[in-house]
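Undergrad: Protein sequences, first through last, are from chains C and Y.
Per the working numbering, residue 1 is the first one in the first sequence, and the count goes up by one each step.
Per the working numbering, residue 1001 is the first one in the second sequence, and the count goes up by one each step.
There are 2 protein chains.
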Amino acid sequence: MEEGTSKSPTHAQGTVEGPCCEEAFQWDTREDCEVRQILDRIADKWSLLVIALLDKRRLRFTELRREIDGVSQRMLTVTLRQLERDGLVRRTVHPVVPPRVEYELTPLGASLHETVQALVTWTDAHQREIAEARNAYDARMRQQVP
Amino acid sequence: MEEGTSKSPTHAQGTVEGPCCEEAFQWDTREDCEVRQILDRIADKWSLLVIALLDKRRLRFTELRREIDGVSQRMLTVTLRQLERDGLVRRTVHPVVPPRVEYELTPLGASLHETVQALVTWTDAHQREIAEARNAYDARMRQQVP
DNA sequence: CTGTATCCTTCTCGATACTG
DNA sequence: CAGTATCGAGAAGGATACAG
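1. Beta strand (DSSP E) containing Y:V1093: first to last residue?
2. Nearest chain Y C-beta to C:L88 closer than 9 Å, yes or no?
3. Can the beta-carbon of Y:Q1037 be found closer than 9 Å to that of C:T123?
4. Against chain C, with Cβ distances strictly below 9 Å, would Y:V1151 count as a contact?
5. Starting from Y:I1042, find everything on chain C with Cβ-Cβ shorter than 8 Å and list it in chain order.
6. Figure out for me which residue from Y:D1028, Y:W1027, Y:T1029 and Y:E1034 has the closest Cα to the Cα of C:R128.
7. Relative to the alpha-carbon of C:H113, which residue among C:P95, C:E67, C:R100 and C:L39 has its alpha-carbon at the smallest distance?
8. Are the stretch 1046-1058 of chain Y and the stretch 1097-1114 of chain Y touching by the rule of at least three beta carbon pairs closer than 8 Å?
9. Please list, in chain order, the chain C residues whose beta carbon lies closer than 7 Å to that of Y:I1130.
10. What does Y:V1101 pair with, by DSSP beta-bridge criteria?
11. Tell me the rounded alpha-carbon separation between Y:Q1143 and C:A139.
12. I'd like the list of long-range same chain contacts for Y:D1067, defined as Cβ closer than 6 Å, with 5 residues on each side in sequence excluded.
13. Just list the alpha helix (DSSP H) runs in the stretch 62-92 of chain C, keeping only unbroken ones of 4 residues or longer that don't cross its boundaries, in chain order.
14. Of the choices Y:L1059, Y:K1045, Y:R1091 and Y:V1089, whose alpha-carbon is the least far from that of C:E31?
15. Using a Cβ-Cβ distance under 9 Å, would C:H126 count as near chain Y?
16. Does the beta carbon of C:V71 sit closer than 9 Å to a beta carbon anywhere in chain Y?
17. Should C:V89 go down as buried or exposed, given a rule of 16 or more other Cβ atoms within 10 Å for buried?
18. In terms of residues, what are the limits of the alpha helix (DSSP H) holding Y:W1122?
19. Interface residues of chain C around Y:R1134 at Cβ under 8 Å?
20. Closest to Y:G1070 by CA distance: which of Y:V1050, Y:R1081, Y:V1101 and Y:R1041 is it?
21. Starting from Y:R1036 and walking both ways along the alpha helix (DSSP H), at which residues does that stretch end?
22. Could you give the residue range of the alpha helix (DSSP H) that holds C:D55?
23. Going by beta carbon distance, what residues of the same chain come within less than 6 Å of C:E102, once the five residues before and after it are set aside?
24. Counting contacts by CB-CB distance shorter than 9 Å, is C:V35 in contact with chain Y?
25. Which one or two residues does DSSP pair with Y:R1030 in a beta bridge?
26. Taking just the CA atoms, how far does C:L119 sit from C:N135?
27. Does any residue of chain Y have a CB that is nearer than 9 Å to the CB of C:V93?
28. Chain Y partners of C:L112, CB-CB under 7 Å?
29. When we look at the beta-carbon of Y:Q1073 and count the other beta-carbons within 10 Å, is it buried (16 or more) or exposed?
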């Protein structure tokens, strides 16, 4: 698997505030920052889908694959491994043949899903505003440039 | 600028529920889905930093650049343009020389920032759990494989 | 100062093939 | 069934040079 634990080894550097006496600021740009880790997970193309599906019921690998249209076997595996490692999803292997592996949300995962809903709600509430802003912006650009 | 409006043109296809009579599901995998748009924006390496900084005060381009350690001029420009287009940030050009351009949050941007704080709070509250889950997982892997 | 354009490296991810 | 391994295409993003 080529994806390592941390996403890009390049410049895992400084926090936002300068070295001197700036105000404290809770986020930094490092990939290993806690907020970034969760952000990267929930913004991941597949993670959120998996979490949402598992919030309703326990599912097998293939069931997940079938439900999530367009996911490759590889990415589903990678996604599930990340979620499992972060303690958001529990993986249960039933020692039978053919193998039966089931995935379900942990309480932590369920709690994250709940929190993310706030963001979804916000988006629902403001999608029209955003669309309008884009149209306005694009219109302005079109008449300025061409 | 190589980044287009939509991020990847490949397979902007189906929703999660099947074509038949599955339960309704609010997210799909298309890049142009509203939730994904916002998710991609807030998970962007720099967008959130910019929003957080502008939440406190209005800043010029160079001030932002100085505050955000490690951002390239190119990415700051790209980020600000996206945020402006989405109506989250307002850009004001003062017609003086040398040019003076100021950025500030719109009410929409401020409201998003507020919403995102819920996620930050969740992360703060659960970062220890996540770290422990990771350690446990890594330990299990280490003793199984090597 | 505030960008835009170009090049070039790195990373991501899907496709494919193979295994227990 | 549930993965793992490998490869290659494409996208993201930093460095650099240049412009209004």
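Beta carbons: idealized from backbone N, C-alpha and C, even for Gly.
TA: Answer, in terms of the structure:
1. Residue numbering aside, residue 1093 of chain Y sits at position 93 when the second sequence is read from its first letter. That run of the beta strand (DSSP E) goes V1089 to H1094.
2. The residue you call residue 88 of chain C lines up with position 88 of the first sequence. Yes, because at least one Cβ of chain Y sits closer than 9 Å to the Cβ of C:L88.
3. On the second sequence, position 37 is the one that residue 1037 of chain Y refers to. On the first sequence, position 123 is the one that residue 123 of chain C refers to. Contact: yes.
4. Nothing about residue 1151 of chain Y can be read from this structure; chain Y reaches only from 1001 to 1146.
5. Position 42 of the second sequence, counted from the first residue, corresponds to residue 1042 of chain Y. Among the residues of chain C, those whose CB is under 8 Å from the CB of Y:I1042 are L39, A43 and L119, following chain order.
6. Counting from 1 along the first sequence, the entry for residue 128 of chain C is found at position 128. When each option's Cα is compared against that of C:R128, the closest is Y:E1034.
7. Start at 1 with the first residue of the first sequence, and residue 113 of chain C comes out as number 113. For C:H113, the nearest C-alpha among the options comes from C:L39.
8. yes
9. The residue given as residue 1130 of chain Y occupies position 130 in the second sequence. The answer, in chain order, is D86 and G87.
10. Along the second sequence, read from residue 1 onward, the residue named residue 1101 of chain Y stands at position 101. Answer by DSSP bridge pairing, in chain order: Y:V1093.
11. Along the second sequence, one-based indexing puts residue 1143 of chain Y at 143. Along the first sequence, one-based indexing puts residue 139 of chain C at 139. If you take the alpha carbons of Y:Q1143 and C:A139, they lie about 59 Å apart.
12. To locate residue 1067 of chain Y, count along the second sequence from 1; it is residue 67. Per the sequence presented here, residue 1067 of chain Y reads as Glu, with Asp not at that position. So the qualifying residues of the chain are L1053.
13. 73-85
14. Sequence index remark: in the first sequence, residue 31 of chain C carries index 31 (1-based). Taking only the C-alpha atoms, the option nearest C:E31 is Y:K1045.
15. Within the first sequence, the letter at position 126 stands for residue 126 of chain C. C:H126 counts as touching chain Y.
16. Stepping through the first sequence from its first residue, residue 71 of chain C is reached at position 71. Judged by the 9 Å Cβ criterion, C:V71 is in contact with chain Y.
17. Reading the first sequence from its first residue, position 89 is the one you call residue 89 of chain C. The residue is buried, with at least 16 neighbouring Cβ atoms inside 10 Å.
18. Here residue 1122 of chain Y refers to the residue found at position 122 when the second sequence is read from its first residue. That run of the alpha helix (DSSP H) goes P1107 to Q1144.
19. On the second sequence, position 134 is the one that residue 1134 of chain Y refers to. The contacting residues are R85, D86 and G87.
20. Walking along the second sequence from the start, residue 1070 of chain Y turns up at place 70. Closest by alpha carbon: Y:V1050.
21. Against the second sequence, residue 1036 of chain Y aligns to sequence position 36. E1034 to A1043 is the span of the alpha helix (DSSP H), which, as asked, contains Y:R1036.
22. Reading the first sequence from its first residue, position 55 is the one you call residue 55 of chain C. That run of the alpha helix (DSSP H) goes S47 to K56.
23. Locating residue 102 of chain C in the first sequence gives position 102, where the first residue counts as 1. Answer for C:E102: R58, R60 and T92, listed in chain order.
24. Reading the first sequence from its first residue, position 35 is the one you call residue 35 of chain C. So, interface residue.
25. The residue given as residue 1030 of chain Y occupies position 30 in the second sequence. Y:R1030 is not bridged to any residue.
26. Working through the first sequence from its first residue, we reach residue 135 of chain C at position 135. Working through the first sequence from its first residue, we reach residue 119 of chain C at position 119. Distance between the alpha carbons of C:N135 and C:L119 is about 23 Å.
27. The residue given as residue 93 of chain C occupies position 93 in the first sequence. So, not an interface residue.
28. Position 112 of the first sequence, counting from 1, holds the residue named residue 112 of chain C. Residues of chain Y with a Cβ closer than 7 Å to the Cβ of C:L112 are, in chain order, W1122.
29. On the second sequence, position 73 is the one that residue 1073 of chain Y refers to. The residue in question, Y:Q1073, is exposed, as its Cβ has fewer than 16 Cβ neighbours within 10 Å.
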